[in-house]
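Right, one structure below, let's go through it.
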Amino acid sequence: MKKVTSILMISLLIISLSGCKQPTEDKNLVLANQIKEEFRISWQAYKTYAWKHDGLNPVSKSWTDWYEESLHISPIDAYSTMRVMGLEQEAGEVLRYIVDSVNFDRDIFVKTFEVNIRILGGLLAMYQFTMDENVLAKAEDFGRRLLPAFESPTGIPYYSVNLKTGAVKGEHVNVAEGGSYLFEMGILSQFTGNPVYYENAKRASKAIYDRRSNIGLIGQDINIVTGEWLDKNSHIGCCIDSYYEYLYKSWLLLGDPEVKKIWDNSIAAINKYLIDEHDSLFWYAQVDMNTGEITNRIVTLYDAYFPALLALSGDIPKAEKFQHSWNWLWDKNGLEPSVYDYGRDSITGPNYDLNPEIIESAYYLFHFTGDEKYRQMNEKYWNDLLKYCKNDIAFSSIENVITKERKDYMPTFFFAETLKYLYLTFAPEGKTFLDDNVFSTEAHPFRKLK
Ligand code: DMJ
Numbered sequence: 003m004k005k006v007t008s009i010l011m012i013s014l015l016i017i018s019l020s021g022c023k024q025p026t027e028d029k030n031l032v033l034a035n036q037i038k039e040e041f042r043i044s045w046q047a048y049k050t051y052a053w054k055h056d057g058l059n060p061v062s063k064s065w066t067d068w069y070e071e072s073l074h075i076s077p078i079d080a081y082s083t084m085r086v087m088g089l090e091q092e093a094g095e096v097l098r099y100i101v102d103s104v105n106f107d108r109d110i111f112v113k114t115f116e117v118n119i120r121i122l123g124g125l126l127a128m129y130q131f132t133m134d135e136n137v138l139a140k141a142e143d144f145g146r147r148l149l150p151a152f153e154s155p156t157g158i159p160y161y162s163v164n165l166k167t168g169a170v171k172g173e174h175v176n177v178a179e180g181g182s183y184l185f186e187m188g189i190l191s192q193f194t195g196n197p198v199y200y201e202n203a204k205r206a207s208k209a210i211y212d213r214r215s216n217i218g219l220i221g222q223d224i225n226i227v228t229g230e231w232l233d234k235n236s237h238i239g240c241c242i243d244s245y246y247e248y249l250y251k252s253w254l255l256l257g258d259p260e261v262k263k264i265w266d267n268s269i270a271a272i273n274k275y276l277i278d279e280h281d282s283l284f285w286y287a288q289v290d291m292n293t294g295e296i297t298n299r300i301v302t303l304y305d306a307y308f309p310a311l312l313a314l315s316g317d318i319p320k321a322e323k324f325q326h327s328w329n330w331l332w333d334k335n336g337l338e339p340s341v342y343d344y345g346r347d348s349i350t351g352p353n354y355d356l357n358p359e360i361i362e363s364a365y366y367l368f369h370f371t372g373d374e375k376y377r378q379m380n381e382k383y384w385n386d387l388l389k390y391c392k393n394d395i396a397f398s399s400i401e402n403v404i405t406k407e408r409k410d411y412m413p414t415f416f417f418a419e420t421l422k423y424l425y426l427t428f429a430p431e432g433k434t435f436l437d438d439n440v441f442s443t444e445a446h447p448f449r450k451l452k
């Protein structure tokens, strides 16, 4: 009798435990499928109203190109998300289009930084998914066209480069624009066996690092001809962000110990001078690169990539505290403003352009801590995107997070990053995916070497 009772109790326990688990898993699957379906709908809108152009204007139902001619940035940026989501038909169509119809022999000046992360990064990811040599040839052709930008006296690339002639323009760059090439160029060198790409990228990052102050900090803007700092504010945010991101991520993927040392020294200086606990919230301030004194308490929503980077590099406590601050800011209006002064509690840039960073960090933190609250954050952010940004054909940016006035713009990183990180938060494969891959700053995933 006793035995029967305990068997019954164990069975009841199993049933009730699985009963608790089932609805959450079902709910996550429903969310993953909903995000995938919304990707498909927005992609369809791009095809209907903007096909062959760089981007979709979702309010006017028209298209936009970044330069005089289209570089097909949306499909190139969207491809890796299609593969992650299993949208094979859409991915196949993009692959055929890029291989058959796109060539980069264009007499136009392009922004070196942006095309590196979106076009070169997108093509390299496309190659890793397909192993199609035609795609690698396109990526290498594109990478080669960027190389003239690096022929500056300091080795830091010019702001823009002409894809056909190799002419260059723009001596004033910020550190993100000047020093975010290790990852894509490193992968291109690895895939082609030609070290020239990584060598150029490393020279640029080192040129920035070598101009650090006596206390180990770098500024925000630099003249790439003279090497003179033009803006001496030091911070982790917009306009420096991916320089730091690529020190750690390129080391993780490519294993160059010299780059790891630069990261170790950089994060030590950041921890020493930038952390600013203010009104019970945890922030990273802007400080003078020479003295370490706080110059202002302005943050941009791009800075919200930093919890993800902290988590990836093993500093979970700071990652959690910083994410808490971003989540607090999101909750104030239901979306994040692009610029916020936490010293004055004032929004100084009211727009939100469907940016991914806070979502990316919640995904990483869910992955590394297993704490359900981070998945719930992404569920909330997703529901706010549906509520405030979705229109009848796709999603639009927002002019003002308080009034929720619409902006006629859907950035290509909405396909590449925002929807990918949301999907992976809820999809069953999201966990192993982050174990096995390193994401570029544009969320293009690359498999770690075993
Ligand atoms: C993306 O294009 C990249 O992540 C870049 O490094 C900065 N942020 C935008 C999206 O907000």
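For the sequence shown, the positions run 3 to 452 when the working numbering is used.
Cβ coordinates follow ideal geometry from the N, Cα and C atoms, glycine included.
None of these values were measured; they are calculated from a predicted model.
Any idea what DSSP makes of F428, helix, strand or coil?
For the purposes of this step, residue 428 is taken as residue 426 along the sequence shown, with counting starting at 1. Of the three classes helix, strand and coil, the one that applies to F428 here is helix, per DSSP.
Quick one: is K422 buried, meaning 16 or more other Cβ sit within 10 Å of its Cβ, or exposed?
Along the sequence shown, one-based indexing puts residue 422 at 420. By the neighbour-count rule (16 or more Cβ atoms within 10 Å), K422 is buried.
Please go through the same chain and pick out, in chain order, the residues whose beta-carbon is closer than 8 Å to the beta-carbon of N393, but skip the five residues on each side of it.
Taking the first residue of the sequence shown as 1, we reach residue 393 at position 391. The answer, listed in chain order, is P60, V61 and R408.
Enumerated in chain order, which unbroken segments of the beta strand (DSSP E) with a length of 3 residues or greater are wholly contained in the segment 136–181?
As far as the segment 136–181 is concerned, its whole beta strand (DSSP E) runs of at least 3 residues are 162–164 and 174–176.
Answer yes or no: do N380 and F397 have a C-beta to C-beta separation smaller than 9 Å?
On the sequence shown, position 378 is the one that residue 380 refers to. On the sequence shown, position 395 is the one that residue 397 refers to. Cβ distance not < 9 Å, so N380 and F397 don't count as in contact.
If you pair each beta-carbon of the segment 89–100 with each one of the segment 429–444, do three or more pairs fall below 8 Å?
The segment 89–100 is not in contact with the segment 429–444.
For L283, write down the residues that DSSP places opposite it in a beta bridge.
For the purposes of this step, residue 283 is taken as the residue at position 281 of the sequence shown. The partner list for L283 (beta bridge, DSSP) reads H280.
Quick one: using the 10 Å Cβ neighbour count with 16 as the cut-off for buried, is E374 buried or exposed?
The residue labelled residue 374 in the question sits at position 372 within the sequence shown. That one is exposed.
Could you tell me if E260 is buried or exposed, where buried requires 16 or more neighbouring beta carbons within 10 angstroms of its beta carbon?
Numbered from 1 along the sequence shown, position 258 holds the residue referred to as residue 260. The residue is exposed, with fewer than 16 neighbouring Cβ atoms inside 10 Å.
For V440, which of helix, strand or coil comes out of DSSP?
Residue 440 sits at position 438 when you count from the first residue of the sequence shown. V440: strand per DSSP, three-state reduction.
In whole angstroms, what is the alpha-carbon distance linking P77 and L165?
Residue mapping note: residue 77 aligns to position 75 of the sequence shown, counting from 1. Residue mapping note: residue 165 aligns to position 163 of the sequence shown, counting from 1. When rounded, the distance between both Cα atoms is 19 Å.
In whole angstroms, give me the CA-to-CA distance for P155 and I226.
As a position in the sequence shown, residue 155 is number 153, starting the count at 1. As a position in the sequence shown, residue 226 is number 224, starting the count at 1. P155 and I226: Cα-Cα distance of roughly 7 Å.
Does the ligand DMJ have even one heavy atom less than 8 Å from the beta-carbon of E419?
Reading the sequence shown from its first residue, position 417 is the one you call residue 419. Result yes, Cβ under 8 Å from the ligand DMJ.
Consult DSSP for L97 and reduce its assignment to one of helix, strand or coil.
The residue you call residue 97 lines up with position 95 of the sequence shown. Reduced to three states, the DSSP call for L97 is helix.
Does the Cβ of L303 have 16 or more other Cβ atoms within 10 Å, making it buried, or fewer, making it exposed?
Along the sequence shown, read from residue 1 onward, the residue named residue 303 stands at position 301. That one is buried.
Check this for me: beta carbons of I269 and Y245, under 9 Å apart or not?
Within the sequence shown, the letter at position 267 stands for residue 269. Within the sequence shown, the letter at position 243 stands for residue 245. Cβ distance not < 9 Å, so I269 and Y245 don't count as in contact.
Can you give me the start and stop residues for the alpha helix (DSSP H) that W330 sits inside?
Against the sequence shown, residue 330 aligns to sequence position 328. Element bounds for W330: I318 to N335.
Taking the continuous beta strand (DSSP E) assigned at V112, which residues delimit it?
To locate residue 112, count along the sequence shown from 1; it is residue 110. V112 -> beta strand (DSSP E) spans F111 to K113.
In terms of alpha-carbon separation, which member of L58, I110, E135 and K54 lies closest to S103?
Within the sequence shown, the letter at position 101 stands for residue 103. For the residues L58, I110, E135 and K54, the minimum Cα distance to S103 belongs to K54.
Drop a sphere of 10 angstroms on the beta-carbon of N136, count the other beta-carbons inside from all chains shown, and report buried for 16 or more, exposed for fewer.
Looking up residue 136 in the sequence shown gives position 134. Exposed, by the Cβ-count rule.
In chain order, what residues of the same chain have a beta carbon less than 8 Å from the beta carbon of L255, not counting five sequence neighbours either side?
Here residue 255 refers to the residue found at position 253 when the sequence shown is read from its first residue. For L255, where only same-chain residues beyond five positions count, the Cβ hits under 8 Å are F185, G188, I189, V440, F448, K450 and L451.
Thinking C-alpha only, which one of N235, M84 and D317 is nearest G124?
Taking the first residue of the sequence shown as 1, we reach residue 124 at position 122. Checking every option, the nearest Cα to that of G124 belongs to M84.
Could you check how far apart the C-beta atoms of V403 and Y344 are, in whole angstroms? I think they sit under 8 Å.
Locating residue 403 in the sequence shown gives position 401, counting from the first residue. Locating residue 344 in the sequence shown gives position 342, counting from the first residue. With a Cβ gap of about 15 Å, V403 and Y344 do not count as contacting.
Cα separation between N216 and L388?
On the sequence shown, position 214 is the one that residue 216 refers to. On the sequence shown, position 386 is the one that residue 388 refers to. So the alpha carbons of these two residues sit roughly 48 Å apart.
For the beta strand (DSSP E) containing W65, name the first residue and the last one.
The residue given as residue 65 occupies position 63 in the sequence shown. Looking at the DSSP string, the run of the beta strand (DSSP E) that includes W65 is S64 to T66.
Could you tell me the boundaries of the alpha helix (DSSP H) in which P447 lies?
To locate residue 447, count along the sequence shown from 1; it is residue 445. Counting along the chain, P447 falls outside any alpha helix (DSSP H), though it belongs to the beta strand (DSSP E) covering P447 to R449.
Can you tell me the Cα-Cα spacing of T132 and P197, whole angstroms?
For this step, residue 132 is matched to residue 130 along the sequence shown. For this step, residue 197 is matched to residue 195 along the sequence shown. Going by the C-alpha atoms only, they are around 23 Å apart.
From the DSSP output, which residues share a beta bridge with K409?
Along the sequence shown, read from residue 1 onward, the residue named residue 409 stands at position 407. S399.
Which runs of the beta strand (DSSP E), 3 residues or longer, sit entirely within the segment 224–276?
With a minimum length of 3 residues, the continuous beta strand (DSSP E) runs that stay inside the segment 224–276 are 231–233.
Please classify S64 as buried or exposed, where buried requires at least 16 neighbouring CB atoms within 10 angstroms.
Counting from 1 along the sequence shown, the entry for residue 64 is found at position 62. Exposed, since its Cβ has fewer than 16 Cβ neighbours within 10 Å.
Buried or exposed: where does K204 fall if 16 or more other Cβ atoms within 10 Å of its Cβ makes it buried?
Position 202 of the sequence shown, counted from the start, is the residue given in the question as residue 204. Counting Cβ neighbours within 10 Å, K204 comes out buried, since at least 16 surround it.
Rounded to whole angstroms, what is the Cα-Cα separation between F428 and D79?
Numbered from 1 along the sequence shown, position 426 holds the residue referred to as residue 428. Numbered from 1 along the sequence shown, position 77 holds the residue referred to as residue 79. Straight-line Cα distance between these residues: approximately 21 Å.
Exposed or buried, what is G88 when buried is set at 16 or more other beta-carbons lying within 10 Å of its beta-carbon?
Residue mapping note: residue 88 aligns to position 86 of the sequence shown, counting from 1. Classification for G88: exposed.
Is E2 near the ligand DMJ, going by C-beta to nearest heavy atom under 8 Å?
Any property of residue 2 remains undetermined from this structure, which presents the chain solely from 3 to 452.
If you follow the alpha helix (DSSP H) that L190 is part of, which residue opens it and which one closes it?
Residue numbering aside, residue 190 sits at position 188 when the sequence shown is read from its first letter. Its alpha helix (DSSP H) spans residues L184 to T194.
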